[in-house]
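See structure below.
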Amino acid sequence: MSIQIGVSVFLVSNYYADSYMPATAQFYIQDDKKYGNYPFIDFFINAKIKSVRIFFKIDHLNSGWMGNGYVQTPHYPLNDRAFKIGISWRFYD
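Right, here's the structure in full:
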């Protein structure tokens with residue numbers, strides 16, 4: 001049996017995100033508001049028992065801890081917290 005436990009941290013610094021115009025399907029430069037200055041924290045556990053592999057992951061663990069201003073482009077929010085579970089089982093060796 002082997003187990004891996006880990007944390008992934010991704011820091012987004014302040015920047016002027018490009019705005020999006022759906023009517024023309026193009027991005028354009030805006031300099032009104034800065035976005036960013038928050039971390040994304042992911043937590044995961046991987047386990048292997050003989051021929052079975054199991055993983056459990058929490059994406060964006062810190063969602064909602066520092067407000068809800070997680071945006072990539074103005075008016076388009078990033079994903080909230082998500083739980084992912086997976087199993088891989090080989091029935092032969």
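Per this note's numbering, the very first residue in the sequence shown carries number 1; after that it's consecutive.
We treat Cβ as the ideally placed atom computed from N, Cα and C, and that holds for glycine.
Small disclaimer: the values here were computed from a predicted structure and weren't measured.
In whole angstroms, what separates the C-alpha of residue i from that of residue j?
i	j	result
residue 61	residue 1	27 Å
residue 15	residue 34	5 Å
residue 81	residue 6	17 Å
residue 91	residue 67	46 Å
Start and end of the beta strand (DSSP E) containing residue i?
i	result
residue 37	Premise fails: residue 37 is in no beta strand (DSSP E) and is neither H nor E.
residue 2	2-12
residue 26	26-28
residue 16	Where residue 16 is concerned, there is no enclosing beta strand (DSSP E), given that its DSSP letter is neither H nor E.
For the putative contact between residue i and residue j, defined by C-beta atoms under 8 Å, what is the C-beta separation to the nearest angstrom?
i	j	result
residue 40	residue 55	About 19 Å; that fails the 8 Å criterion.
_Please give me, in chain order, every unbroken run of the beta strand (DSSP E) with length at least 3 that falls completely inside the stretch 55-91._
71-73 and 82-89
Take every Cβ of the stretch 15-34, pair it with every Cβ of the stretch 50-58, and state whether three or more of those distances are shorter than 8 Å.
no
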